[in-house]
Amino acid sequence: MTRLNVGVLISGRGSNLQALIDSAAHFEYPARVALVVSNVPGAPGLARAEAAGIAHRTVDHRAFADRAAFEAEVTGALEAAGVELVCLAGFLRLLTDAFVAHWAGRIINIHPSLLPAFKGLHVHQRVIEAGVRISGCTVHFVVPEMDAGPIIAQAAVPVAMDDDADSLAARVLAAEHRLYPMAVRMLAEGRARLVDGRVEIDEAGASASALLNPTDGAGLLL
Ligand code: GRF
Numbered sequence: 107m108t109r110l111n112v113g114v115l116i117s118g119r120g121s122n123l124q125a126l127i128d129s130a131a132h133f134e135y136p137a138r139v140a141l142v143v144s145n146v147p148g149a150p151g152l153a154r155a156e157a158a159g160i161a162h163r164t165v166d167h168r169a170f171a172d173r174a175a176f177e178a179e180v181t182g183a184l185e186a187a188g189v190e191l192v193c194l195a196g197f198l199r200l201l202t203d204a205f206v207a208h209w210a211g212r213i214i215n216i217h218p219s220l221l222p223a224f225k226g227l228h229v230h231q232r233v234i235e236a237g238v239r240i241s242g243c244t245v246h247f248v249v250p251e252m253d254a255g256p257i258i259a260q261a262a263v264p265v266a267m268d269d270d271a272d273s274l275a276a277r278v279l280a281a282e283h284r285l286y287p288m289a290v291r292m293l294a295e296g297r298a299r300l301v302d303g304r305v306e307i308d309e310a311g312a313s314a315s316a317l318l319n320p321t322d323g324a325g326l327l328l
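First residue of the sequence shown: 107, per our numbering; consecutive thereafter.
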């Protein structure tokens, strides 16, 4: 089996990176993490790559004259590692249009909301303040506009009455850790494809079930 070479860009904790590393440890997973790049020296995710024996690099944006120079270094590292798909996983630098264009159709991101709702930062606090009952996460192709771009996969979680931003973040994060590896798998297997600005999916079979929150107490099934 040829495995898709994935490059993961991080800035911090790297728990989504860990989920990808763990999935790639299974012999039948169709992708491998070829390189991890952090723009933040000492980011905890770098230690995760190290522990897994995965090549990793720090490209500190502060060491470069401008964004273009920083991104040229990142692209050079990714290409030298043979990266075919770039996964942003808690990468906190804005990317230039030129970088996004260079990797167009080959760069994806995970965002902790059901896009297009709640783009940007401080998502979970805003979700709670808005009083929505269901939140979740989205894996999408990256386009120049932030947190936009064709949606590949989404997972939904209920928002509990007593949630605060931390408890909701933890519930969404658990869903992220399942969703990101699944989305990468679908792309690697060619079961998800960009067609005319939307993602076409070969579904295993659409389920008719609905996630309702609140439930009626009896665990309503549609
Ligand atoms: C995740 O919530 C992800 O959705 C967002 O940044 C966070 C990164 O967490 N883009 P981690 O570094 O993967 O643990």
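Ideal Cβ positions, reconstructed from N, Cα and C, are used throughout, including at glycine.
Along the chain, where does the alpha helix (DSSP H) that runs through residue i open and close?
i: Leu-181; result: Position check: residue 181 holds Thr in this sequence, whereas Leu was assumed. Taken as a continuous stretch (DSSP letters only), the alpha helix (DSSP H) holding Thr-181 covers 173-186.
i: Phe-205; result: 203-208
i: Ala-130; result: 121-130
i: Glu-134; result: Premise fails: Glu-134 is in no alpha helix (DSSP H) and is neither H nor E.
i: Gly-151; result: 150-157
Let me check one thing: in DSSP terms, what residues is residue i bridge-paired to?
i: Thr-108; result: Beta-bridge pairing links Thr-108 to no other residue.
i: His-230; result: Beta-bridge pairing links His-230 to no other residue.
i: Arg-163; result: Val-143
i: Asn-215; result: Leu-194, His-246
i: Arg-138; result: Asn-111
Closest to residue i by CA distance: which of the options is it?
i: Ile-307; options: Arg-297, Ala-316, Val-301; result: Arg-297
i: Ala-183; options: Ala-275, Val-165, Asp-302, Val-290; result: Val-165
i: Asn-215; options: Ala-275, Met-252, Ile-240, Thr-202; result: Met-252
i: Pro-264; options: Thr-321, Ala-130, Arg-168, Ile-127; result: Thr-321
i: Val-248; options: Met-107, Leu-115, Leu-110; result: Leu-115
i: Glu-179; options: Gly-237, Phe-205, Glu-235; result: Phe-205
i: Ser-121; options: Thr-181, Ala-195, His-217; result: Ala-195
i: Ile-127; options: His-162, Gly-226, Pro-250; result: His-162
i: His-167; options: Ala-158, Ser-144, Gly-113, Glu-156; result: Ser-144
i: Ala-175; options: Thr-202, Cys-243, Met-267; result: Thr-202
i: Ile-160; options: Val-139, Asp-172, Arg-291, Asp-270; result: Val-139
i: Ala-223; options: Ala-314, Ala-271, Ala-236, Arg-212; result: Ala-236
i: Arg-109; options: Ala-137, Gly-118, Arg-119; result: Ala-137
i: Arg-232; options: Gly-148, Arg-212, Ala-271; result: Ala-271
i: Ile-240; options: Ser-219, Ile-258, His-228; result: Ser-219
i: Ala-338; options: Gly-242, Glu-177, Met-292, Arg-304; result: Nothing can be reported for residue 338: it is not among the residues displayed for the chain, which extend from 107 to 328.
i: Ala-131; options: Ala-276, Val-301, Ala-157, Ala-153; result: Ala-157
i: Ala-153; options: Glu-185, Ala-187, Gly-118, Ser-129; result: Gly-118
i: Gly-211; options: Leu-300, Gly-113, Leu-221; result: Leu-300
i: Glu-190; options: Met-288, Val-112, Met-107; result: Val-112
i: Leu-123; options: Glu-295, His-230, Val-290; result: Val-290
i: Ala-261; options: Asp-268, Ala-275, Ser-273, Arg-284; result: Arg-284
For residue i, report the span of its beta strand (DSSP E) as first-last.
i: Leu-194; result: 191-194
With a 10 Å radius around its C-beta and 16 neighbouring C-beta atoms as the bar for buried, classify residue i as buried or exposed.
i: Phe-197; result: buried
i: Val-142; result: buried
i: Gly-255; result: buried
i: Gly-151; result: buried
i: Glu-177; result: buried
i: Ser-315; result: exposed
i: Gly-303; result: exposed
i: Glu-185; result: exposed
So, does the CB of residue i fall closer than 9 Å to a CB anywhere in chain B?
i: Glu-251; result: No chain B is present in this structure, which holds just one protein chain.
If we require 3 or more residues per run, which beta strand (DSSP E) segments fall completely within the stretch 238-311?
Every unbroken stretch of the beta strand (DSSP E) spanning 3 or more residues and falling wholly within the stretch 238-311 is given here in chain order: 240-247, 257-264, 298-301, 304-307.
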